[in-house]
Amino acid sequence: MIREVLVEPQHIVWLPWIVNYFFFVGVAATAVFTAVLFAKKAGKPTACEQSAVLIAFIGSIVAPVALTADLHQPSRILHFYTDFAWWSPMAWGAIILPLFSVAVAGYFVLTLAHNARPNLPKWLALLNLPILRSQSLLWAFRLFSALTAVGIIGYTVLETYQTGTRALWHSTWLLPIMLFSAWAVALGLTRFLARSDERSVSLQILLILTALSVAGLAFSSETAQRDFALLFNGSITAYLTGICWLIALVCSFSSKNHRLQWLGVVALIGFGWWLRWVLVIQTQTIAKTNALQNPYHFDWLAVDGGLGIVGIFGLAVLVSVVVWQLNVMICGEKKNEQ
40 MIREVLVEPQ HIVWLPWIVN YFFFVGVAAT AVFTAVLFAK KAGKPTACEQ
90 SAVLIAFIGS IVAPVALTAD LHQPSRILHF YTDFAWWSPM AWGAIILPLF
140 SVAVAGYFVL TLAHNARPNL PKWLALLNLP ILRSQSLLWA FRLFSALTAV
190 GIIGYTVLET YQTGTRALWH STWLLPIMLF SAWAVALGLT RFLARSDERS
240 VSLQILLILT ALSVAGLAFS SETAQRDFAL LFNGSITAYL TGICWLIALV
290 CSFSSKNHRL QWLGVVALIG FGWWLRWVLV IQTQTIAKTN ALQNPYHFDW
340 LAVDGGLGIV GIFGLAVLVS VVVWQLNVMI CGEKKNEQ
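Counting in our numbering, the sequence shown tops out at residue 377, every number present.
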């Protein structure tokens with residue numbers, strides 16, 4: 040049976056902006072899960088919980104910027120509300136994403152209030168309000184953040200799955216891949232910021248689960264197996280993803296070597312980002328209805344290419360520095376407190 044015909048190559052629809060969005064919003068959502076798992080029933084938030092919330096807060100700021108850039112016309116966002124399409128994951132995402140950002144911002148402020156030092160500057164005096172140190176309110180925002188984080192993971196995966204145009208997208212394996220890979224990045228960053236000296240078995244498990252999920256996707260069908268093999272044809276991005284995964288896994292066994300910790304964090308970020316690049320961008324270059332590879336030329340000097348990626352990561356660094364300094368100013372530095 041003839042499966043493909045010769046037609047004009049199709050240009051890709053999703054650009055690198057969406058890779059940045061999927062990466063930062065996925066890390067932010069799973070950082071919320073990490074924070075809740077580190078939470079205690081009573082008492083102040085631990086160093087690991089506060090570090091995880093800080094990561095979630097940074098991601099919740101950067102991710103919407105990347106998404107807005109992907110839409111090209113910010114006013115298009117209004118159409119999701121004025122012409123709500125209940126069957127569209129993007130329409131639901133337009134509701135879930137703002138709620139998630141508000142929930143994480145509230146969660147972050149409450150963790151700051153609970154761990155705030157005495158004698159804060161006047162412009163931070165509101166953090167001393169008794170209501171902000173309420174355990175009930177803190178748990179309410181933990182639950183609110185976790186529920187919206189579930190919505191974030193669900194709608195972003197469904198947005199890709201529902202297209203149904205690619206075997207590597209229209210698969211139930213997409214959910215564990217996106218979930219476990221983002222969670223590995225979030226957990227690795229959390230332990231690094233909290234300066235935890237314990238070996239993270241959970242991180243190793245998440246990395247292994249991600250690899251198993253990718254294998255499950257690759258062998259889920261004959262079409263998926265063929266498309267997966269094509270990802271390694273003529274491109275180094277798929278190989279870079281595997282190399283970053285291996286480095287991150289090896290470094291996760293060393294908990295006290297500071298240089299290896301740095302290398303492991305960089306490898307984790309590279310792995311999480313490159314994996315989404317391969318699944319979202321490179322998958323679009325695979326022939327769908329034609330017998331030719333769809334063209335994609337990455338331009339380092341284009342806003343939709345290298346400049347956009349550097350800009351988003353530059354924004355992430357800027358936000359990280361500001362938020363981290365604010366965190367240190369209010370709470371001081373906490374170390375090795377689980």
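Every residue, glycine too, gets a C-beta built ideally from N, C-alpha and C.
Item: Residues near Val101 in its chain [Cβ-Cβ closer than 7 Å; skip 5 each side]; Value: Phe63, Ile351, Leu354, Ala355, Val358
Item: Reduced DSSP secondary structure (H/G/I, E/B, other) of Lys161; Value: helix
Item: Rounded Cβ spacing between Val319 and Trp53 (contact assumed at less than 8 Å); Value: 6 Å
Item: Rounded C-alpha distance that separates Trp316 from Pro128; Value: 21 Å
Item: Proximity below 9 Å, CB of Gln321 to CB of Thr276; Value: yes
Item: At least 3 beta-carbon pairs within less than 8 Å: the region 209-216 vs the region 241-255; Value: yes
Item: The region 89-97 / the region 139-149 touching (three or more Cβ pairs under 8 Å); Value: yes
Item: Any 3 or more C-beta pairs closer than 8 Å across the region 70-90 and the region 223-236; Value: yes
Item: Ala341 to Ile348 span [Cα, whole Å]; Value: 10 Å
Item: Candidates Ala105, Ala81, Leu251, Ala225, of which the one nearest Leu346 by Cα; Value: Ala105
Item: Inter-residue Cα distance where the pair is Leu314 and Pro160; Value: 44 Å
Item: Selection from Trp131, Gln364, Leu151, Ile244 that minimises the alpha carbon distance to Trp222; Value: Ile244
Item: Alpha carbon of Leu285 to alpha carbon of Gly311, nearest angstrom; Value: 12 Å
Item: Alpha helix (DSSP H) segment containing Ile97, residue limits; Value: 86-110
Item: Straight-line Cα distance separating Phe123 from Gly132; Value: 11 Å
Item: Whole runs of the alpha helix (DSSP H) within the region 117-177, excluding any shorter than 4 residues; Value: 128-154
Item: Sub-9 Å separation of Ala384 and Ser260 beta-carbons; Value: Here the chain has residues from 40 to 377 only, and residue 384 is not among them.
Item: Residue range of the alpha helix (DSSP H) that includes Asp266; Value: 261-269
Item: Pairwise C-alpha distance: Ala67 and Ala225; Value: 7 Å
Item: Cα-Cα separation, Trp126 to Gln323; Value: 24 Å
Item: The ligand ADP heavy atom lying under 8 Å from the CB of Leu270; Value: Absence of the ligand ADP is noted for the structure shown, with no ligands found whatsoever.
Item: Straight-line Cα distance separating Leu149 from Pro169; Value: 11 Å
Item: Thr69 versus Thr107, Trp178, Ala108, Ile192, residue with shortest Cα-Cα distance; Value: Ile192
Item: Sub-9 Å separation of Gly227 and Gly303 beta-carbons; Value: yes
Item: Residue environment, Val289, which counts as buried when at least 16 other CB atoms sit within 10 Å; Value: exposed
Item: Nearest residue (CA-CA) to Thr199, options Phe77, Ala164, Tyr60; Value: Tyr60
Item: Check whether Cys370 and Ala155 have beta carbons under 9 Å apart; Value: yes
Item: Cβ-based burial, Gln364 [other Cβ within 10 Å; buried from 16]; Value: exposed
Item: Separation of Thr229 from Leu177, as counted between CA atoms; Value: 20 Å
Item: The alpha helix (DSSP H) enclosing Arg234, as first and last residue numbers; Value: Segment: none, Arg234 is in no alpha helix (DSSP H) and carries neither H nor E.
Item: Straight-line Cα distance separating Val75 from Leu182; Value: 8 Å
Item: Proximity to Trp56 [Cα-Cα], best of Thr107, Ala268, Asn167, Ser220; Value: Thr107
Item: Residue environment, Val196, which counts as buried when at least 16 other CB atoms sit within 10 Å; Value: buried
Item: Gln264 to Leu242 span [Cα, whole Å]; Value: 28 Å
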